[in-house]
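Before any comments, here is the structure.
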């Protein structure tokens, strides 16, 4: 395993350095990089100019060849041109010879040569050892027929419709297309009407309000009476054409899916069959039967040259299944390079699991400061470092231009994305950067179920079959990027159903209740905590004040919700006890400090006014001049949840249970620490500020030292990829807006290796905003609909949550 911790400054993590630090000031770092390597940049610039010219010529040749042979996949044509040094005539001749020959079967995984063999084979004809691939819909062994009658019918229908759609003259529009336009105006949602060029939301609402349109004349009269431009008709044609492109594309994908479904069904029903654990895996560890089936499924996808999504429920060992698959590839001669991209919180866990399960694989950690990574890139591209797998985080894989350039230059065999939620939104910049990684195959690992969200489904389809979607992503992105809460149109519903059908063979999801019959049960207890008297009065006062303030905007409502959540958890998360008069006295007293003798007390007070009571209490502990202003100890424990938590922890400790306690707020964890010290409970803590190099050590310390009673975790930092099966009780001090984040937190304990019943205790402040959150979360869990927003910042509210908050506030 390669950690790059040599005598140079290129170490895995410098003291005081964090990944967030590395990404906070990208512009500044970019300037430093340019100044340090100006010669290198100039050379790169010249090289890029020449490469750009060459690429233009290559794209022109590719376009010419595609026009000549439209049935062959574009990427395949590119490979053939490359094999023939971009000689058009030679490539065309070779293809024509192949088209008249009988194709040989697709080679099995075992016949795939090692990377070295492939590299030495450059320049030789690719037709000697392998069959040629047409479009993915026609790939052998999936293509029982190369062109079927139903395909020809689809193509002819598309051509006839496209001819009508391309017509600029309204008078020449056929009756068939007129009917389609009328149907579209009649059925389209507000968002879909807004896709029409020149149709504003206001115009779209007008169209909806004046429905129905039964005939073409109705439409014409409507346009005249309401001053709408006839150009909207042409806009309708454009939208309909884009829809037809999507229908045709998904029809082709559906053919592939139907052929794959049969094979996948056989794999699942046959069970493990003849599949065995790869020999290079650590013999001290054994894959579970369901994990061997997962391995078999991954091998099947690989044999068909397809990507996939392993979506097993959290705690079923997706990491181990992915490692065993890479070990299988290694045994078959495909030794890499592979890339594994993970959330920063799980980086150390992945590295450790790779070392434990498959020490034969050489692992390189791509991590560190901008300078560290610059040296590391040079070593990688120069071949000075040997590796089979690169492990990195999302932020660093696509952190800056140089990071992204590295992963475009490397010819990766597999790119594995762990918990890659940004791959569920093709409109995000991160999605585009990740899709630009140069990998032959992709594997996505996710523990959350899919939504009934068409943009997510289409984004994942594009992830699975990029060559099929490459020419249509703009239409798809435009058509399905709407986020309206209104009822979906028939077109959207049909595409959702079709997308789910297509994706079925490419997604494997098992839940623990199905495959881990021996796993102990998980019991959930919801503890409704009455607030303390003082806390209740402060909450009611805040509630009345906030009820008058919001104007109904989602941003305002989100802030209201956060303020109420804080008060429901602990009064010290607000500023209540440090009044303005007290802050004025404190700011004057601060002038006695050597660090503040010449400061302006007015400015000091302004800084203090934005701090919470707990932050001000800690400030008083730091400076002797204001130490007398510290809060009474009783106020630190004056919380309804603390009163119950004290009793619960005492009971659990007497029984010999061990606890993992989660909170959304790091400041709340700070206050919980004070309570645990007061109660004399040993604990360790991990949150977003914990250095990466220390995280795995804290986890190991807790799992091996049973004297440590409590593990404190922030939900976001500790909710993924951490194994704490040595504990059997999860306490959620405060719940998440997204119940699936809480489920991930619970599964840190309820997973493979757990031998005791897992108790999940949720602390909910009675008659507070938390009760509303709990109710919404339970409904979402019933629907198996993840509330995680795609690529948005934390705190963004769903329409349902915003409406519920309005009701609870009486707005």
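Residue numbers (the UniProt record's numbering): 1 to 811.
Ideal placement from N, C-alpha and C gives every residue a C-beta, glycine not left out.
Bear in mind the structure is a predicted one, so any value in this text is a computation, not a measurement.
1) Just verifying my parser: in three-state terms, what is the DSSP assignment at residue 832?
2) Quick test of the definition: if touching needs 3 or more C-beta pairs under 8 angstroms, does the region 366-377 touch the region 702-722?
3) Please report how far the alpha carbon of residue 637 lies from the alpha carbon of residue 396, in whole angstroms.
4) Excluding sequence positions up to five away, which residues of its chain have a Cβ less than 7 angstroms from the Cβ of residue 566?
5) Round the Cβ separation of residue 195 and residue 239 to the nearest angstrom and send it over; I've been treating them as touching at under 8 angstroms.
6) Based on DSSP bridge pairs, tell me the residues matched to residue 527.
7) Quickly, what does DSSP pair residue 508 with across the bridge? List them, please.
8) Let me check one thing: in DSSP terms, what residues is residue 709 bridge-paired to?
9) Tell me which same chain residues have a C-beta within less than 7 angstroms of the C-beta of residue 520, skipping the five on either side of it?
10) Would you decide whether residue 57 is buried or exposed? Buried here means 16 or more other CB atoms lie within 10 Å of its CB.
11) Tell me whether residue 617 is buried or exposed, calling it buried when 16 or more other Cβ atoms sit within 10 Å of its Cβ.
12) In this structure, does DSSP put residue 389 in helix, strand or coil?
13) Three-state secondary structure (DSSP) at residue 414?
14) Which residues bound the alpha helix (DSSP H) around residue 407?
15) Taking 7 angstroms as the threshold (C-beta atoms), are residue 529 and residue 640 in contact?
16) Taking DSSP as the reference, what is the three-state secondary structure of residue 437?
17) What is the rounded straight-line gap between the Cα of residue 524 and the Cα of residue 730?
18) Given a cut-off of 7 angstroms, decide if residue 749 and residue 771 are closer than it, judged by their beta-carbon atoms.
19) Please work out which residues of its chain come closer than 6 angstroms, Cβ to Cβ, to residue 327, disregarding the five sequence neighbours upstream and downstream, and give them in chain order.
20) Could you tell me the boundaries of the alpha helix (DSSP H) in which residue 323 lies?
21) Could you check what DSSP says for residue 696 in three-state terms: helix, strand or coil?
22) Take residue 701 and list the residues in its own chain whose beta-carbon comes closer than 8 angstroms to its own, dropping the five residues that flank it on each side.
23) Which ranges would you report for the alpha helix (DSSP H) in the region 330-399 if only whole runs of at least 4 residues count?
24) Could you pull out every residue in the same chain whose Cβ sits closer than 8 angstroms to the Cβ of residue 666, ignoring the five residues on either side in sequence?
25) On the three-state DSSP scale, how would you describe residue 522?
26) So, is residue 384 buried or exposed, given that buried needs 16 or more other C-beta atoms within 10 angstroms?
27) Assign residue 747 to one of two classes, buried (16 or more other C-beta atoms within 10 Å of its C-beta) or exposed (fewer than that).
28) Decide if the region 246-259 is in contact with the region 328-342; the criterion is three or more beta carbon pairs, one per stretch, under 8 angstroms apart.
29) Helix, strand or coil for residue 731 per DSSP?
30) What is the DSSP secondary structure of residue 685, reduced to helix, strand or coil?
31) With distance defined between alpha-carbon atoms, name the residue in 298, 780, 192, 732 nearest to residue 509.
32) What do you get for residue 237, buried or exposed, if any count of 16 or more other CB atoms within 10 angstroms of its CB means buried?
33) Using C-beta distances below 8 angstroms, list every residue in its chain close to residue 819, excluding the 5 sequence neighbours before and after it, in chain order.
34) Hey, residue 439 and residue 461 are a contact pair by Cβ (cut 8 angstroms); roughly how many whole angstroms apart?
35) Helix or strand or just coil, what does DSSP make of residue 543?
36) Counting beta carbon pairs with one atom in the region 616-631 and one in the region 692-699, are three or more of them shorter than 8 angstroms?
In brief:
1) Any property of residue 832 remains undetermined from this structure, which presents the chain solely from 1 to 811.
2) A contact is defined here as three or more CB-CB pairs under 8 angstroms, and the region 366-377 fails this definition with respect to the region 702-722.
3) Cα to Cα, the separation comes out at about 41 angstroms.
4) So the qualifying residues of the chain are 573, 574.
5) Going by Cβ atoms, the distance from residue 195 to residue 239 rounds to 5 angstroms, so yes, they are a contact pair.
6) Its beta-bridge partners are 763.
7) Under DSSP, the beta-bridge partners assigned to residue 508 are 310.
8) Looking at the DSSP output, residue 709 sits in no beta bridge, so it has no partner there.
9) For residue 520, where only same-chain residues beyond five positions count, the Cβ hits under 7 angstroms are 754, 755, 756, 757, 758.
10) The Cβ neighbour count for residue 57, taken over all protein chains shown within 10 Å, is under 16; the residue is labelled exposed.
11) Residue 617 should be labelled buried.
12) Strand, per DSSP.
13) The DSSP-derived three-state label of residue 414 is strand.
14) Looking at the DSSP string, the run of the alpha helix (DSSP H) that includes residue 407 is 401-409.
15) Yes.
16) In the three-state scheme derived from DSSP, where H, G and I count as helix and E and B as strand, residue 437 is classed as coil.
17) In this structure, the alpha-carbon of residue 524 lies about 9 angstroms from that of residue 730.
18) Taking 7 angstroms as the Cβ cut-off, residue 771 and residue 749 do not qualify as a contacting pair.
19) If the five residues before and after residue 327 are omitted, its C-beta is found closer than 6 angstroms to the C-beta atoms of 278, 280, 281, 358, all from its own chain and listed in chain order.
20) First-last of the alpha helix (DSSP H) with residue 323: 318-331.
21) Of the three classes helix, strand and coil, the one that applies to residue 696 here is helix, per DSSP.
22) The beta carbon of residue 701 sits closer than 8 angstroms to the beta carbons of 684, 708 from its chain, once the five residues preceding and following it are set aside; these are given in chain order.
23) Runs of the alpha helix (DSSP H) inside the region 330-399: 347-357, 370-382, 394-397.
24) Within the same chain, residue 666 has close Cβ partners 687, 688, 689, 714.
25) In the structure shown, residue 522 adopts extended strand secondary structure according to DSSP, grouped into three states.
26) In this structure residue 384 is exposed. Its beta-carbon is surrounded by fewer than 16 other beta-carbon atoms within 10 angstroms.
27) Label assigned to residue 747: buried.
28) No, they do not touch.
29) The three-state reading of DSSP puts residue 731 in strand, counting E and B together.
30) Residue state, collapsed to three classes: strand.
31) Cα-wise, what sits closest to residue 509 is 298.
32) The residue in question, residue 237, is buried, as its Cβ has 16 or more Cβ neighbours within 10 Å.
33) The displayed coordinates of the chain run from 1 to 811. Any statement about residue 819 would go beyond what the structure contains.
34) About 17 angstroms separates the two Cβ atoms, so there is no contact after all.
35) Judged by DSSP in its simplified three-state form, residue 543 adopts helix.
36) No: the two stretches stay apart, fewer than three of their Cβ pairs being nearer than 8 angstroms.
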